[in-house]
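Contents: one structure, followed by commentary.
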Amino acid sequence: MAAYVNSVAAKDIHLIDDNGQLLSEKEMTEFFLTALGGKGGKNTLHQIGVNYHVVGVFGGQSSGKSTLLNRLFHTQFQTMDESRRRGQTTKGAFLARAKFERDDEQTEEEFTTRAAAMATRESSESKETSELSSPLFVLDFEGTDGIERGEDQSFERKLSLFALSVADTLIINMWAVDVGRYNAANMSLLRTIFEVNLQLFAHDRYVKEEKPTLLVVLRDFTEDDTVHYYNTVRQSLDKIWTNIVKPEAFQDASIDALFNLRFHILPHYKLQRPAFDKAIKDFSRWFTVPSSDHYLFHRREMFRGVPLEGIPSYLSNCWEVISNSKDLDIPTQREMLARHRCTEVKRTITSTFEECCRGYTERLQNGELVPQLSKMLDSEVERQVYQFRSETKLYNPTIVKDTLAELEENLLTAELKLLQQYAKTIAVEVLASLDTTISVSVDGTIRWLLQETQMVPFITGNQGVDEDRERELNGTRISKSHKINTFIMDSNKCNKLVFEFWSRLCRVLQADLDVLYNKQGHQRQGQEPKRPGTIYGRFSALVAHDLAMQECIGHVVMDAVYQKVCHRFSSMAENASETIHQAFERILTRRPDGTVRFFNTIKGLQSAEPQARQSGLVLLGCLLYYRLKLEHNEAKNESDENNIHGGKKNIIGSSNISSNCSRAVKHLLSERRSLRVRDNSAEKRFFFHYTTISEPPSYPTDVPMVTPGSAVVSDDTLDGDCILLSQQAVQRVFDLYTQKCEFTMQTQLRNIESGKQNLPAWVLPALLLLGWNELWYVLSSPILLLIVVIVTVVFFRGFIISQWEAFEETAPTWLVLAVQTFFRHLQTVYESVVPPLSGMERNAEAVITADNGDNVDSISGVRHRDPVRSIDVTARSSEPQSKSPATSILRPHGDLSPSSTPGSSLVRRMNKEKNM
Numbered sequence: 001m002a003a004y005v006n007s008v009a010a011k012d013i014h015l016i017d018d019n020g021q022l023l024s025e026k027e028m029t030e031f032f033l034t035a036l037g038g039k040g041g042k043n044t045l046h047q048i049g050v051n052y053h054v055v056g057v058f059g060g061q062s063s064g065k066s067t068l069l070n071r072l073f074h075t076q077f078q079t080m081d082e083s084r085r086r087g088q089t090t091k092g093a094f095l096a097r098a099k100f101e102r103d104d105e106q107t108e109e110e111f112t113t114r115a116a117a118m119a120t121r122e123s124s125e126s127k128e129t130s131e132l133s134s135p136l137f138v139l140d141f142e143g144t145d146g147i148e149r150g151e152d153q154s155f156e157r158k159l160s161l162f163a164l165s166v167a168d169t170l171i172i173n174m175w176a177v178d179v180g181r182y183n184a185a186n187m188s189l190l191r192t193i194f195e196v197n198l199q200l201f202a203h204d205r206y207v208k209e210e211k212p213t214l215l216v217v218l219r220d221f222t223e224d225d226t227v228h229y230y231n232t233v234r235q236s237l238d239k240i241w242t243n244i245v246k247p248e249a250f251q252d253a254s255i256d257a258l259f260n261l262r263f264h265i266l267p268h269y270k271l272q273r274p275a276f277d278k279a280i281k282d283f284s285r286w287f288t289v290p291s292s293d294h295y296l297f298h299r300r301e302m303f304r305g306v307p308l309e310g311i312p313s314y315l316s317n318c319w320e321v322i323s324n325s326k327d328l329d330i331p332t333q334r335e336m337l338a339r340h341r342c343t344e345v346k347r348t349i350t351s352t353f354e355e356c357c358r359g360y361t362e363r364l365q366n367g368e369l370v371p372q373l374s375k376m377l378d379s380e381v382e383r384q385v386y387q388f389r390s391e392t393k394l395y396n397p398t399i400v401k402d403t404l405a406e407l408e409e410n411l412l413t414a415e416l417k418l419l420q421q422y423a424k425t426i427a428v429e430v431l432a433s434l435d436t437t438i439s440v441s442v443d444g445t446i447r448w449l450l451q452e453t454q455m456v457p458f459i460t461g462n463q464g465v466d467e468d469r470e471r472e473l474n475g476t477r478i479s480k481s482h483k484i485n486t487f488i489m490d491s492n493k494c495n496k497l498v499f500e501f502w503s504r505l506c507r508v509l510q511a512d513l514d515v516l517y518n519k520q521g522h523q524r525q526g527q528e529p530k531r532p533g534t535i536y537g538r539f540s541a542l543v544a545h546d547l548a549m550q551e552c553i554g555h556v557v558m559d560a561v562y563q564k565v566c567h568r569f570s571s572m573a574e575n576a577s578e579t580i581h582q583a584f585e586r587i588l589t590r591r592p593d594g595t596v597r598f599f600n601t602i603k604g605l606q607s608a609e610p611q612a613r614q615s616g617l618v619l620l621g622c623l624l625y626y627r628l629k630l631e632h633n634e635a636k637n638e639s640d641e642n643n644i645h646g647g648k649k650n651i652i653g654s655s656n657i658s659s660n661c662s663r664a665v666k667h668l669l670s671e672r673r674s675l676r677v678r679d680n681s682a683e684k685r686f687f688f689h690y691t692t693i694s695e696p697p698s699y700p701t702d703v704p705m706v707t708p709g710s711a712v713v714s715d716d717t718l719d720g721d722c723i724l725l726s727q728q729a730v731q732r733v734f735d736l737y738t739q740k741c742e743f744t745m746q747t748q749l750r751n752i753e754s755g756k757q758n759l760p761a762w763v764l765p766a767l768l769l770l771g772w773n774e775l776w777y778v779l780s781s782p783i784l785l786l787i788v789v790i791v792t793v794v795f796f797r798g799f800i801i802s803q804w805e806a807f808e809e810t811a812p813t814w815l816v817l818a819v820q821t822f823f824r825h826l827q828t829v830y831e832s833v834v835p836p837l838s839g840m841e842r843n844a845e846a847v848i849t850a851d852n853g854d855n856v857d858s859i860s861g862v863r864h865r866d867p868v869r870s871i872d873v874t875a876r877s878s879e880p881q882s883k884s885p886a887t888s889i890l891r892p893h894g895d896l897s898p899s900s901t902p903g904s905s906l907v908r909r910m911n912k913e914k915n916m
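Anchor point for the sequence shown: position 880 equals 880 in full-length UniProt numbering, and the numbering is continuous, going up by one each time.
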């Protein structure tokens, strides 16, 4: 890294021309690369860092500044030819790299190897060699007091300010004979330098330790006493310092507060050439040998702390401010440089990482899935972050920290985007495994709701309804003539049931989705729970130990399930009349245990109708507003972090999660969401107000709502996107629902009438009287009695059952309960005497029952298809489709074919029993 005499080095460059134009950053960068050997590219500048120094020289025109630099640093600045003319030679500013002399015993190869090795060390064994490895750059500025500029000192001031912004040491070239003079000794130049340095120090953020060295060199000194000259120069400098206007903070400060003042003399260049050459050689040790008592650079790094790779941008910014006569603030310029450099490195690293991610994306598109993808990406992220820190460690720490945070955010975004692409591919398999589970959860919750609605009692007229209660029920009074036949719904209990429906659905679905986070799945009767790791199917080995991928898959599946359930209820709301009518048919034609119920009397049918109608209206209340939402569950994150992915507390504990988890895992954990019920103050009031089963429920119009599509929803407003039914839609649905219920009732009534087989009242007494002898003969013969009983049970079973059902529907309740209790005791005695069926026989009987399909229940027999191409997870039931009436109760698009209507099913059943 060192330049030495007789080596090939870069020539000087015209940094600032006589018109004040600065060299471009690209040309400056090329110069530095060439000056450092032209190998390694910008990485060479990065390796140098701040381990370099800059020396500038000022002095009167034609005072031998360039000659001094050429002799002192072995540069090749142009010098004046006195034999031809005297005048301006250096215009603006020139920049070159200094060369060093090797020891006589040291070869060129040894010198280069030693210096280059020391350039890469942070601490060296030999301080002298270490400093030799730091490049030294020399600035030759235009001379002052020239006829070309005349009295215009503006350019001189700009150059002085520029020199102080970059140079560690500023050499003032002064003739010894001019000591004590003002103009000839360049005191005006020194005054300018003092003023501009005060301008720099006046800034609040200026580092006080950043004092440049002001080295006054007395040329052509022929006297023996140097003390007198030094004192004279010092007195002149102090006088200038006293006369300039200083900021309040520097009123009592001396010149040493702004500069490190140094003095040196040199013999006459022509008259004492041997002595001059010897003095120059000794003088050069001030710049190259740290062990020298006069060594100038007490800090290894450049005193402004600007890395060499950023010096072109730094010089450009400083000169732009100076040229526009603006206030130059060195700390601000360093911050601008740091921000520019950090942004440049961030952009490069981000581009490199995105290119890496594109490679993985192409592999995914080709059908290849990469195991442990997140770990590979995390390693690449760590490598890129380390690269950023190594390239920006010399810049402003605050800016580096802020830019690093932005870089990490960019890398994390790119990483999560790639992981999400992989997760979507695997999520198809996961959604397929959860399809039936989610569908059964929704259907089971709706069945639970319909069962619970049968337990909600009515407030009937014969129970005594006062006028205040009547006025509360939609503001209308019920006439006394209709109170007996009017069924008033308990609005509060019905709405509580609606809210409990959504709460229960939320809990059940969340329990099903907990398997995504390696928790035990929800176990249902007759089904084995999903176990962690089994839901990934053929991808289980791929994501077994990839925590980030598992979390990402969980996010994708959670969103998909939420959207599917939302679409399911939206579809149900679009065809709400058919949905609640199917609920009505279910309650009407099925017992609480799920078995089919046939009515034998009109009284029994009419007694079941009110509860069935109420069930449909309660289900309509559930379709008013979609009350599920996905919400960040920060309160549970700490406990989840201790249990995620197989309970690896040793890896991810609440106390050390920040040090052991990757950025992607920590981010995904913070973004983990769960299902919640919408229950803000407005949503708690957004329920129907039920009156009677024959009147439509009142729509809640007094609740504030946010317009659909709005991004912001406050805690006291409704989300317009979640409202499934409008006020007009509710009225229309209720009218259609009423018509369909009446049609179903008419069908059931016709079935009852067609199935009646009533005999005249005199037939049974006449048969008993005429056949008394035969009856007594049968009763007195056990064998004949047994045969008659068997024949009666076999051939008149349907008739006996229908008569028993008619008895249950028409007889007093106390009598029905007494008879039922008697038969239960009788069955208990029978089971204690007759041994139960074996396991094989029970299975055979279950198969036969399933084939007949009489008692099979199904909530949803139709599979809903979304417009989007994704897995359907909510509408397909795992139970076989029932052949009985009122199946597929909650299908958004019900089957209205004659074969599925309750009337036709009942007619076929009744005809079958009649034929028997």
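All residues carry an ideal CB built from backbone N, CA and C; glycine is no exception.
Computed from a predicted structure; not experimentally measured.
Indicate whether residue i and residue j have their beta-carbon atoms separated by less than 7 Å.
i: residue 663; j: residue 412; result: yes
i: residue 18; j: residue 77; result: no
i: residue 284; j: residue 72; result: yes
i: residue 394; j: residue 307; result: yes
i: residue 549; j: residue 556; result: no
i: residue 717; j: residue 486; result: no
i: residue 322; j: residue 158; result: yes
i: residue 546; j: residue 372; result: yes
i: residue 403; j: residue 496; result: no
i: residue 554; j: residue 584; result: no
i: residue 737; j: residue 581; result: yes
Give me the Cα-Cα distance between residue i and residue j, rounded to the nearest whole angstrom.
i: residue 630; j: residue 44; result: 53 Å
i: residue 537; j: residue 453; result: 40 Å
i: residue 506; j: residue 620; result: 18 Å
i: residue 269; j: residue 276; result: 6 Å
i: residue 539; j: residue 586; result: 42 Å
i: residue 502; j: residue 509; result: 10 Å
i: residue 449; j: residue 579; result: 14 Å
i: residue 233; j: residue 311; result: 34 Å
i: residue 171; j: residue 58; result: 6 Å
i: residue 214; j: residue 168; result: 9 Å
i: residue 824; j: residue 739; result: 41 Å
i: residue 339; j: residue 705; result: 46 Å
i: residue 685; j: residue 822; result: 49 Å
i: residue 42; j: residue 678; result: 58 Å
i: residue 388; j: residue 398; result: 14 Å
i: residue 313; j: residue 722; result: 56 Å
i: residue 235; j: residue 342; result: 46 Å
i: residue 254; j: residue 181; result: 22 Å
Among the options, whose alpha-carbon lies nearest the alpha-carbon of residue i?
i: residue 337; options: 230, 223 and 25; result: 25
i: residue 220; options: 317, 65, 738 and 349; result: 65
i: residue 55; options: 32, 42, 93 and 137; result: 137
i: residue 324; options: 248, 197 and 154; result: 154
i: residue 189; options: 666, 804 and 144; result: 144
i: residue 353; options: 813, 334, 381 and 551; result: 381
Can you tell me whether residue i is buried or exposed, with buried defined as 16 or more other CB within 10 angstroms of its CB?
i: residue 351; result: exposed
i: residue 196; result: buried
i: residue 966; result: The shown model of the chain, from 1 to 916, leaves out residue 966, and the question about it has no answer.
i: residue 366; result: exposed
If you measure from the beta carbon of residue i to each beta carbon in chain D, is any gap under 7 Å?
i: residue 213; result: Among the chains in the structure shown there is no chain D, since it carries only a single protein chain.
Check your understanding: Which runs of the beta strand (DSSP E), 3 residues or longer, sit entirely within the stretch 711-759?
Key -> none
**Study point:** 4 or more residues per run - each alpha helix (DSSP H) lying fully within the stretch 760-809
**Key:** 763-770, 772-780 and 782-795
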